[in-house]
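If you're matching positions, the sequence shown starts at 1 in full-length UniProt numbering and goes up one per residue. Just so you know, even glycine gets a beta-carbon here, dropped at the ideal spot from N, CA and C. Working notes, beginning with the structure itself.
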Amino acid sequence: MGLLNIFNNDSESEVVIGKERLNIEGLASRYNELLAEFDKVNNAYEDGKKKITELQAKLAAAKDPQNNSIFLQLLDKYNQLQREFHESKEKIAQLANSNNEETLEFKIDGRVYDQAQIKEVVNNYYKLQEKLTGMLDQLNSFQKRNTLLEAQLQQNEEEKHDLANQLSSAKEKVAMLEGQLAQMRQIKEQTSTENDEPIISTGDPKHDLIDRYYQLVQTVLSEYQDQLSELQAKLTNSLIDSGETEFLKLIKIDMSASAYQKMLTDRNTKMIRYVENHGRQEKFVNKNDKEKNVDDNLRGIRYWANFVFLYRKMVKRLLKMNRNMTAEYKYACSYGKDKAMKIRDQKPPFLDENSALKLQTIYSGIKDYEKWKEEIDSFHKKARIFLKGVEGENLVKNVVASYENNHVLTSLNLPYQYRKGEINSNQVDSIVVNRKGIFILEVKNYSTDILGINKDGRIINDYDKKGSNSKNIIYQGQNHYRAVCDALTKHPELKKHMGYLKKQIHVLYVSANSATKLLPAPDDGNSHYHFVNLEGLRQNIDNAHGNLHPDIIRDICSALVNAQQEEKSYSYYCFPANPDEVADKAWKQFEIISDLVELKLDNFVKLKDSRILSELDSAGFRSYDGFVTHKPKENN
Numbered sequence: 001m002g003l004l005n006i007f008n009n010d011s012e013s014e015v016v017i018g019k020e021r022l023n024i025e026g027l028a029s030r031y032n033e034l035l036a037e038f039d040k041v042n043n044a045y046e047d048g049k050k051k052i053t054e055l056q057a058k059l060a061a062a063k064d065p066q067n068n069s070i071f072l073q074l075l076d077k078y079n080q081l082q083r084e085f086h087e088s089k090e091k092i093a094q095l096a097n098s099n100n101e102e103t104l105e106f107k108i109d110g111r112v113y114d115q116a117q118i119k120e121v122v123n124n125y126y127k128l129q130e131k132l133t134g135m136l137d138q139l140n141s142f143q144k145r146n147t148l149l150e151a152q153l154q155q156n157e158e159e160k161h162d163l164a165n166q167l168s169s170a171k172e173k174v175a176m177l178e179g180q181l182a183q184m185r186q187i188k189e190q191t192s193t194e195n196d197e198p199i200i201s202t203g204d205p206k207h208d209l210i211d212r213y214y215q216l217v218q219t220v221l222s223e224y225q226d227q228l229s230e231l232q233a234k235l236t237n238s239l240i241d242s243g244e245t246e247f248l249k250l251i252k253i254d255m256s257a258s259a260y261q262k263m264l265t266d267r268n269t270k271m272i273r274y275v276e277n278h279g280r281q282e283k284f285v286n287k288n289d290k291e292k293n294v295d296d297n298l299r300g301i302r303y304w305a306n307f308v309f310l311y312r313k314m315v316k317r318l319l320k321m322n323r324n325m326t327a328e329y330k331y332a333c334s335y336g337k338d339k340a341m342k343i344r345d346q347k348p349p350f351l352d353e354n355s356a357l358k359l360q361t362i363y364s365g366i367k368d369y370e371k372w373k374e375e376i377d378s379f380h381k382k383a384r385i386f387l388k389g390v391e392g393e394n395l396v397k398n399v400v401a402s403y404e405n406n407h408v409l410t411s412l413n414l415p416y417q418y419r420k421g422e423i424n425s426n427q428v429d430s431i432v433v434n435r436k437g438i439f440i441l442e443v444k445n446y447s448t449d450i451l452g453i454n455k456d457g458r459i460i461n462d463y464d465k466k467g468s469n470s471k472n473i474i475y476q477g478q479n480h481y482r483a484v485c486d487a488l489t490k491h492p493e494l495k496k497h498m499g500y501l502k503k504q505i506h507v508l509y510v511s512a513n514s515a516t517k518l519l520p521a522p523d524d525g526n527s528h529y530h531f532v533n534l535e536g537l538r539q540n541i542d543n544a545h546g547n548l549h550p551d552i553i554r555d556i557c558s559a560l561v562n563a564q565q566e567e568k569s570y571s572y573y574c575f576p577a578n579p580d581e582v583a584d585k586a587w588k589q590f591e592i593i594s595d596l597v598e599l600k601l602d603n604f605v606k607l608k609d610s611r612i613l614s615e616l617d618s619a620g621f622r623s624y625d626g627f628v629t630h631k632p633k634e635n636n
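Structure representation (structure tokens):
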């Protein structure tokens with residue numbers, strides 16, 4: 001009920017505070033505003049209680065004991081604040097019955113209210129409002145925490161699913177290995193009863209010698225089986241995530257020249273770094289190489305080729321041994337052949353079925369030696385051209401780097417309209433733009449003793465001294481000149497300066513190999529039909545008469561870059577992705593395969609009896625890793 005409603009509508013009603021008389025209507029209005037504020041507090045608390053109930057449900061669903069504990073503490077705070085709120089409301093009601101005599105007081109229809117009581121109510125209101133704000137902040141914080149918990153629960157479920165898949169895969173591998181071990185145990189049990197049989201002399205020294213060999217084989221067979229089983233398990237593990245036809249094949253990919261150049265440089269560098277930090281470099285470096293040539297930027301390709309050749313050779317040998325192991329026992333001597341056949345049946349294959357299949361698949365990708373060699377040679381040849389080009393461009397950049405406001409644009413693919421109106425791309429090696437002018441550079445980094453241009457505009461070198469089979473480099477330079485002019489003419493600011501700019505465009509043919517002898521221009525008036533070395537490049541730029549403004553230089557570079565066409569794609573060979581990781585995986589396989597190839601029953605026999613093999617040889621026999629056969633007859 002509002003304060004005005006409990007007063008008589010008497011205009012003479014007034015409030016006495018000390019010696020001061022106040023108008024009843026003013027105080028009543030202030031009192032009603034206070035009650036309205038308390039109603040807002042109560043509504044806010046009801047909303048807060050509802051939010052707490054919703055949060056309690058979410059926290060219960062999350063099953064987080066820590067959050068539940070915090071919620072209970074929060075709920076206790078809420079109940080306490082609610083009690084304080086109701087106590088404050090009761091104090092307002094008590095004002096009507098208050099008889100305290102204070103220095104400052106007011107009377108309403110004979111009832112006295114002191115200032116302390118009013119101030120306490122107001123202070124309690126603000127305290128409650130502050131606590132409620134803090135409580136709502138805590139609620140918001142817990143809601144955010146709950147969201148994070150839900151996300152973490154989802155992530156835990158995903159990780160649990162991944163672990164389940166890994167566990168399933170591991171169980172399959174364990175089952176396979178257990179099967180192999182069971183097979184080994186069965187073979188060992190079959191041989192255990194025969195190991196201690198005494199040798200009974202037949203009266204024939206040669207027969208006794210053969211019997212002695214077979215008994216030694218039976219004695220060491222279980223030890224051989226254990227070592228073979230261990231190597232098989234290692235090989236199985238090393239072949240996980242490999243065993244594809246493409247494992248050691250070069251990839252063939254269609255891409256632009258600039259993209260290929262980047263890919264080649266990256267992968268070649270990875271291969272070089274891997275090999276030259278490897279503990280067994282000799283397996284990667286060709287025997288004919290006396291030492292690593294650190295100046296050979298393509299040695300990563302040679303390392304790859306040498307190792308794949310060795311890997312291919314070793315896998316081929318192991319697969320053949322595995323395939324022919326039992327068939328070769330048919331060559332055992334007739335005496336003791338029954339014992340040889342027992343050993344054949346007890347001797348396990350070098351490879352389990354899964355490993356044999358994976359190695360056969362890998363080998364199929366590099367089986368055709370002629371095709372593999374052709375791909376390696378093509379890869380090396382094209383890569384050499386690309387890397388030599390990169391080296392030449394870098395040398396040119398170093399020469400021109402000191403010029404004022406200098407810009408070097410490389411591998412620009414500019415459009416140009418050729419004969420019959422055909423528009424094609426025009427690949428420009430380098431364009432240098434600076435205050436002195438615009439210099440179109442056709443850079444060659446050939447390994448040749450001589451280099452020049454004949455009167456027809458074709459290149460002369462050691463391999464083509466007349467230039468009859470080479471491209472017309474002068475015609476190529478003219479096309480570059482026209483393509484640059486076309487690009488600049490299309491720029492609105494440069495178009496009006498083209499008369500001047502055309503005179504500042506120079507085409508230069510540069511040899512980046514300082515050891516090459518450069519031939520002079522032919523005696524037919526074409527003085528520009530020649531190459532210049534890096535020092536000659538600097539002299540040509542120094543002697544140019546251009547004086548281009550920085551704004552013009554900026555517009556020229558912008559026009560050339562924006563005029564570029566999308567590069568054409570060509571087919572290239574390259575390393576597989578991450579060749580260092582592939583090589584490392586293949587190396588681990590190679591070591592195990594080598595151990596399997598070198599694993600011989602006769603080595604175990606020799607450790608037991610160092611003379612048995614030489615005695616067989618003296619008697620006209622030879623052992624063949626589990627059986628005895630006659631030595632081949634020598635031709636007279």
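Tell me the rounded alpha-carbon separation between residue i and residue j.
i, j, result
"tyrosine 224", "glycine 620", "26 Å"
"proline 348", "alanine 332", "18 Å"
"glutamate 371", "tyrosine 481", "Checking the displayed sequence, the identity of residue 371 turns out to be lysine instead of glutamate. Their Cα atoms are separated by approximately 42 Å."
"leucine 601", "tyrosine 214", "11 Å"
"asparagine 461", "lysine 503", "31 Å"
"methionine 255", "tyrosine 572", "8 Å"
"leucine 357", "alanine 233", "15 Å"
"glycine 336", "isoleucine 210", "7 Å"
"phenylalanine 439", "glutamate 566", "23 Å"
"leucine 599", "isoleucine 592", "10 Å"
"alanine 257", "isoleucine 385", "11 Å"
"isoleucine 450", "glycine 437", "30 Å"
"aspartate 368", "glutamate 276", "29 Å"
"isoleucine 272", "tyrosine 311", "18 Å"
"serine 425", "tyrosine 416", "6 Å"
"glycine 452", "tyrosine 529", "8 Å"
"asparagine 322", "leucine 167", "31 Å"
"aspartate 603", "aspartate 617", "In the sequence as presented, aspartate is not what sits at residue 603; that position holds asparagine. So the two alpha carbons sit approximately 15 Å from each other."
"proline 576", "glutamine 218", "47 Å"
"isoleucine 473", "lysine 381", "21 Å"
"aspartate 352", "serine 229", "10 Å"
"glutamate 194", "leucine 607", "Per-residue confidence for glutamate 194 stands at a pLDDT of 49, beneath the threshold of 50, marking its modelled position as unreliable; the derived number appears in the next sentence. Cα to Cα, the separation comes out at about 20 Å."
Please list, in chain order, all residues of the same chain as residue i whose beta carbon is under 8 Å from its beta carbon, the five residues on each side excluded.
i, result
"glutamate 291", "Note on glutamate 291: pLDDT 49, under 50, position unreliable in the model; no value is reported."
"asparagine 297", "Asn268, Leu387, Glu391"
"asparagine 286", "Arg302, Asn306"
Exposed or buried, residue i, counting other C-beta atoms within 10 Å across all chains shown (16 or more means buried)?
i, result
"serine 430", "buried"
"methionine 498", "exposed"
"serine 569", "exposed"
"lysine 133", "The sequence given here has threonine at residue 133, not lysine. Looking at its Cβ environment, which holds fewer than 16 other Cβ atoms inside 10 Å, threonine 133 is exposed."
"threonine 147", "exposed"
"serine 623", "buried"
"isoleucine 108", "A caution first: isoleucine 108 carries a pLDDT of 47, below 50, which makes its placement in the model unreliable, though a value can still be read off. Buried, by the Cβ-count rule."
"proline 579", "buried"
"alanine 515", "exposed"
"aspartate 611", "The amino acid occupying residue 611 in the given sequence is arginine; aspartate does not appear at that position. That one is exposed."
"glycine 389", "buried"
"leucine 163", "exposed"
"leucine 153", "exposed"
Below 7 Å CB to CB, which residues in the same chain sit around residue i once its five sequence neighbours on both sides are set aside?
i, result
"alanine 487", "Leu414, Ala559, Leu560, Ala563"
"glutamate 375", "Leu250, Tyr573"
"residue 707", "The chain is shown from 1 up to 636; residue 707 falls before or after that span and cannot be answered."
"lysine 588", "Ser238"
Residues in the same chain with beta-carbon distance under 6 Å from residue i, minus the five sequence neighbours each way, listed in chain order, please.
i, result
"glycine 477", "Glu442, Val507"
"glutamate 404", "Arg435"
"lysine 631", "Gly620, Arg622"
Following a CB-centred definition, is residue i positioned closer than 8 Å to any heavy atom of the ligand FMN?
i, result
"leucine 221", "Inclusion of the ligand FMN in the displayed structure is not the case, the ligand content being empty and no account of it being possible."
Threshold first: 4 residues or longer. Then list the alpha helix (DSSP H) segments lying entirely within the segment 333-362, N to C. Those alpha helix (DSSP H) runs which fall completely within the segment 333-362 and span 4+ residues are 337-346.
Pairs of beta-carbons, one from the segment 536-548 and one from the segment 455-463, closer than 8 Å: are there three or more? Because the criterion of three Cβ pairs below 8 Å is not met, the segment 536-548 and the segment 455-463 do not touch.
Is it the case that the segment 435-455 contacts the segment 509-520, given that we only count it when at least three CB pairs across the two stretches are under 8 Å? Yes: the two stretches touch, three or more of their Cβ pairs being nearer than 8 Å.
Pairing CB atoms from the segment 238-253 with CB atoms from the segment 274-281, are three or more of them under 8 Å? Contact annotation: the segment 238-253 does not touch the segment 274-281, with fewer than three C-beta pairs closer than 8 Å.
Fully enclosed by the segment 189-263, which alpha helix (DSSP H) runs are 4 residues long or longer? The qualifying runs are 205-238.
So does the segment 541-557 actually touch the segment 464-475, counting three or more Cβ pairs closer than 8 Å? Touching, no, given that fewer than three Cβ pairs across the two stretches are closer than 8 Å.
At what residue ranges does the segment 549-632 contain a whole run of the alpha helix (DSSP H), taking only runs of 4 or more? The segment 549-632 contains these whole alpha helix (DSSP H) runs: 550-562, 579-598, 601-608, 612-618.
Return the chain-ordered ranges of every alpha helix (DSSP H) run that is complete within the segment 465-499 and spans a minimum of 4 residues. If we require 4 residues or more, the alpha helix (DSSP H) runs fully inside the segment 465-499 come out as 473-489, 492-495.
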